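Structure first, then comments.
2 protein chains.
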Amino acid sequence: MSLFDASGCPFPRDDETGRVVLAHGEGGRATRRLLEEHIFPRLNPAGLPAWEDAAVLPALAGAPVLSTDSFVVSPLFFPGGDIGSLAVYGTVNDLLMRGARPLWLSLSMILEEGLPLSTLDAVVDRIAFAVRRCDVKIIAGDTKVVPRGAADGMFLTTTGLGELRTPSPPGPSTLQIGDAILVSGPIGRHGIAVLSAREQLRFDPPPRSDCGHLSEAIEALYAAGIQPRALRDATRGGVAAVLHEWAQDSGRTLLVDESQVPIGAEVRGVAELLGLDPLSIANEGTFLAAVAPKQAEQALAALRSVELHRRAAIIGVVRETGVTPVVVRRFSGQEQPLLEPNGAPLPRIC
Amino acid sequence: MSLFDASGCPFPRDDETGRVVLAHGEGGRATRRLLEEHIFPRLNPAGLPAWEDAAVLPALAGAPVLSTDSFVVSPLFFPGGDIGSLAVYGTVNDLLMRGARPLWLSLSMILEEGLPLSTLDAVVDRIAFAVRRCDVKIIAGDTKVVPRGAADGMFLTTTGLGELRTPSPPGPSTLQIGDAILVSGPIGRHGIAVLSAREQLRFDPPPRSDCGHLSEAIEALYAAGIQPRALRDATRGGVAAVLHEWAQDSGRTLLVDESQVPIGAEVRGVAELLGLDPLSIANEGTFLAAVAPKQAEQALAALRSVELHRRAAIIGVVRETGVTPVVVRRFSGQEQPLLEPNGAPLPRIC
């Protein structure tokens, strides 16, 4: 039994098939060619290796902040985004939310045998665009290939390393009664866009994801002298998941006023059609900020000064601890418990 | 159309099925329960959260070193190892090889719907054991669930952050003519163990992987005053892939003497049976070191002082640049080019 044919090459070469082959993941010549021909030139136009097995970095000015996320979104491309930019923005945003200046990224790719190399190229181009926009660099990486059927196209994992901007990072344990809760823009756009693309729901125009980075919003807040108590991008589980996390970490009750939450007409329409609550739908470039009451209006103005966030709004307040962790004031004026999201309305949303 | 049933719970609960369900990946209550019941207590026996979305770390003493790898090994458990310890040791070893002291890890898990929770528990137990052995901490993490058929059981991605031990890290660009090349132990054990387990080849005793961390070996080298020119664990592509990488980065020709390479009888037997060259078979706890000629014997003694590495050997030398990047001296005494590994003899080996 030999696993090789006579040429020593048991699998089709990529340049014959135009697709990812198992040999691309084996750490030998084919892996090197995949990196040198398809990945490094896109990530590093000078043609040098874009990443090392382990990268030595310059010393940091502030305390290190580390964040990681895997991305399994389906489909790989959707209106307003794609798995590549999601993987960059998602991890950059996690660092920003923790009070860090994002600096470095690692990128690990799990590719399915048979993935068209043109698809890989397109995703890597989007990654390259996103890292330039966020002013971060990919400095370490890895590529694995799994046999056809063992993964669905492509999964990405990014880890971000940044440095803390201020000695005391924002965090929900510092929430105070009376703090205002702001949202940076209309909610639910990412979840509805991915769901519509995956299920081929034909809306016209197709709903677009808010997939993007939050650097400008955060810069605007700090430039205005705001000291946010807590920041959190409202990804999986949406605004409701963040409010529940904050309620748990702070021991306070949070109130959200439905009439103040910005929601686009298309998201509202699709959510109603599908029986989904926009408060539980995923976002990818929209975050919640909690600020002291006297900084609320100033924080709102700072956010709205950024074109992407001109629909930012004050949507809630931190209350004394009540019987339920999160309360929603419905349009009717009635207050109800807001349940922690507990279904899987939107698997593979990010 | 509603994606929920009347209870708001569209998928079976994990405690009904004993398996991973899609809701475990949705960022709401089920995700929190998975973390609080299955993951955090194993990684952090005090019961506190084992990781954060983004973790703020103490300042580093040396320059930061970052490394990442995804692990897709099949089967998840094999003689001598498992995907969990592989994911910890693999990334810790990458940091060690770059001259860093490993400190922190992030862990991202992609789980397939239907994975038995008992399997997840067993893997997380192995991760917990491995991080204790390496004296590192997992401080950031993520969990995604993909529908049945979209991934094969479980994929893990770890990213390691460490600090540089010395101002000038080892690297193959510093290789000098005459440098000795050492291997830390018998080669090919991981690849043969995984292949035997996957293909259910019934060898008795079953070949065991060398899956393990290299902290003790590296400590022994530094304690003996060795300044390694280059260090590299011989994972995918085996010893041959490392030699080719070093030859390319240094511009030198490397010679490896087949008669000096330690190979266990069981690896030699299985490799011959399968038509594989042990020099190209993956290892997971075995590395190459290049050292100055006058430090060669001392380095060998230091490695052999560690129980795990008592079969370390000097296997090669750095030569002037010749016509082929890597030359192997066969048992016959004849010298031949050693080709860069270029097949996929062992997909999903790590």
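Just so you know, the protein sequences line up as chains E and D, in that order. Taken in order, the first sequence gives residues 456 to 805; the numbers are from the working numbering. Taken in order, the second sequence gives residues 456 to 805; the numbers are from the working numbering. Even glycine gets a Cβ: it sits at the ideal position worked out from N, Cα and C. It should be emphasised that the depicted structure is a prediction, and the values quoted were computed from it without experimental measurement.
message: Whole angstroms are fine: how far does the CA of A737 of chain D sit from the CA of A679 of chain D?
response: What you label residue 679 of chain D is simply residue 224 of the second sequence in a count that begins at 1. What you label residue 737 of chain D is simply residue 282 of the second sequence in a count that begins at 1. Computed Cα separation, rounded: 28 angstroms.
task: Assuming V543 of chain D contacts C805 of chain D (C-beta within less than 8 angstroms), just tell me the rounded distance between them.
output: Along the second sequence, read from residue 1 onward, the residue named residue 543 of chain D stands at position 88. Along the second sequence, read from residue 1 onward, the residue named residue 805 of chain D stands at position 350. The beta carbons of V543 of chain D and C805 of chain D sit about 12 angstroms from each other, so the pair does not count as a contact at 8 angstroms.
field: Endpoints, the alpha helix (DSSP H) within which F495 of chain D is located
entry: To locate residue 495 of chain D, count along the second sequence from 1; it is residue 40. Element bounds for F495 of chain D: 495–498.
query: I769 of chain E bridges to which residues according to DSSP?
result: Numbered from its first residue, the first sequence carries residue 769 of chain E at position 314. Beta-bridge pairing links I769 of chain E to E:L637.
- request: Answer yes if the region 638–648 of chain E comes into contact with the region 757–776 of chain E, meaning at least three C-beta pairs across the two stretches below 8 angstroms, and no otherwise.
  value: yes
- request: Assign I786 of chain E to buried or exposed, taking buried as 16 or more other Cβ atoms, counted over all protein chains shown, within 10 Å of its Cβ.
  value: As a first step, residue 786 of chain E is located in the first sequence; it is residue number 331 there, counting from the start. Here residue 786 of chain E is Phe; the residue named in the question, Ile, does not match the sequence. So F786 of chain E counts as exposed.
field: Neighbour flag for D580 of chain D against chain E, beta carbons, 8 angstroms
entry: Residue 580 of chain D sits at position 125 when you count from the first residue of the second sequence. Not one chain E Cβ lies under 8 angstroms of D580 of chain D.
- request: Could you spell out the range, first to last residue, of the alpha helix (DSSP H) harbouring F584 of chain D?
  value: Position 129 of the second sequence, counted from the first residue, corresponds to residue 584 of chain D. 572–589 is the span of the alpha helix (DSSP H), which, as asked, contains F584 of chain D.
query: Quick one, are the C-beta atoms of V600 of chain D and H479 of chain D less than 8 angstroms apart?
result: Taking the second sequence and counting its residues from 1, the one referred to as residue 600 of chain D is at position 145. Taking the second sequence and counting its residues from 1, the one referred to as residue 479 of chain D is at position 24. Yes.
query: Thinking just about the alpha-carbon of each residue, which of D:L570, D:L669, D:E700 is nearest to the one in A585 of chain D?
result: As a working mapping, residue 585 of chain D is identified with position 130 in the second sequence. Nearest C-alpha to A585 of chain D: D:L669.
Per-residue contacts from T621 of chain D into chain E (C-beta, under 8 angstroms): Here the question's residue 621 of chain D lines up with position 166 in the second sequence. The contacting residues do not exist; T621 of chain D stays about 11 angstroms from chain E at best.
query: Any residues in the region 623–645 of chain D with a beta carbon nearer than 8 angstroms to a beta carbon of chain E? Which ones, in chain order?
result: P624
- prompt: Touching or not, the region 706–715 of chain E and the region 646–655 of chain E, by the rule of three or more beta carbon pairs under 8 angstroms?
  reply: no
message: With the cut-off set at 8 angstroms, would you say P733 of chain D and A726 of chain D are in Cβ contact?
response: For the purposes of this step, residue 733 of chain D is taken as residue 278 along the second sequence, with counting starting at 1. For the purposes of this step, residue 726 of chain D is taken as residue 271 along the second sequence, with counting starting at 1. Going by C-beta atoms, P733 of chain D is nearer than 8 angstroms to A726 of chain D.
message: Contact between the region 509–518 of chain D and the region 485–492 of chain D is defined here as three or more beta-carbon pairs at a separation below 8 angstroms; is this criterion met?
response: no
Range covered by the alpha helix (DSSP H) that runs through S705 of chain E: Stepping through the first sequence from its first residue, residue 705 of chain E is reached at position 250. Run containing S705 of chain E: 693–705, per the alpha helix (DSSP H) assignment.
message: Quick check on E481 of chain D: buried or exposed, where buried means 16 or more other Cβ atoms within 10 Å of its Cβ?
response: Residue mapping note: residue 481 of chain D aligns to position 26 of the second sequence, counting from 1. Its Cβ being crowded by 16 or more others within 10 Å, E481 of chain D is buried.
task: Using alpha carbons as the reference points, say which of E:G615, E:P534, E:W506, E:R803 lies closest to D659 of chain E.
output: Within the first sequence, numbered from 1, the residue matching residue 659 of chain E stands at position 204. Selected option, being the one with the closest Cα: E:P534.
message: I want to see whether chain D comes within less than 8 angstroms of W701 of chain E, judged by CB atoms only; does it?
response: Position 246 of the first sequence, counted from the first residue, corresponds to residue 701 of chain E. Not closer than 8 angstroms to any Cβ of chain D, the Cβ of W701 of chain E fails to qualify, so no.
query: Rounded to a whole number of angstroms, what is the C-alpha to C-alpha distance between G463 of chain E and V716 of chain D?
result: Within the first sequence, numbered from 1, the residue matching residue 463 of chain E stands at position 8. Within the second sequence, numbered from 1, the residue matching residue 716 of chain D stands at position 261. Because G463 of chain E carries a pLDDT of 38, less than 50, the predicted location of this residue cannot be relied on, and no value is offered for it.
query: In or out: E700 of chain D buried (at least 16 other Cβ within 10 Å) or exposed?
result: Position 245 of the second sequence, counting from 1, holds the residue named residue 700 of chain D. Buried, by the Cβ-count rule.
field: Nearest-angstrom beta carbon gap, L558 of chain D and L616 of chain D [assumed within contact, 8 angstroms]
entry: Residue 616 of chain D sits at position 161 when you count from the first residue of the second sequence. Residue 558 of chain D sits at position 103 when you count from the first residue of the second sequence. About 6 angstroms separates the two Cβ atoms, so the contact holds.
task: Give the straight-line distance between the Cα atoms of A635 of chain E and L550 of chain E, rounded to the nearest whole angstrom.
output: Locating residue 635 of chain E in the first sequence gives position 180, where the first residue counts as 1. Locating residue 550 of chain E in the first sequence gives position 95, where the first residue counts as 1. Cα to Cα, the separation comes out at about 22 angstroms.
field: Within 7 angstroms of chain D by C-beta, residues of the region 513–547 of chain E in sequence order
entry: P513, A514, L515, A518, P519, V520, L521, S522, T523, D524, S525, V527
query: Which residues of chain D have a Cβ atom closer than 7 angstroms to the Cβ of T614 of chain E, listed in chain order?
result: Within the first sequence, the letter at position 159 stands for residue 614 of chain E. Residues of chain D passing the Cβ test: T523, S561, T614.
message: Taking DSSP's pairing of strands, which residues face S525 of chain E in a bridge?
response: Stepping through the first sequence from its first residue, residue 525 of chain E is reached at position 70. Within the DSSP secondary-structure output, S525 of chain E pairs in a beta bridge with E:T612.
query: Taking DSSP as the reference, what is the three-state secondary structure of T472 of chain D?
result: Residue 472 of chain D sits at position 17 when you count from the first residue of the second sequence. Helix, per DSSP.
query: What is the DSSP secondary structure of V520 of chain D, counted as helix, strand or coil?
result: Looking up residue 520 of chain D in the second sequence gives position 65. Looking at V520 of chain D - three-state DSSP - the assignment turns out to be strand.
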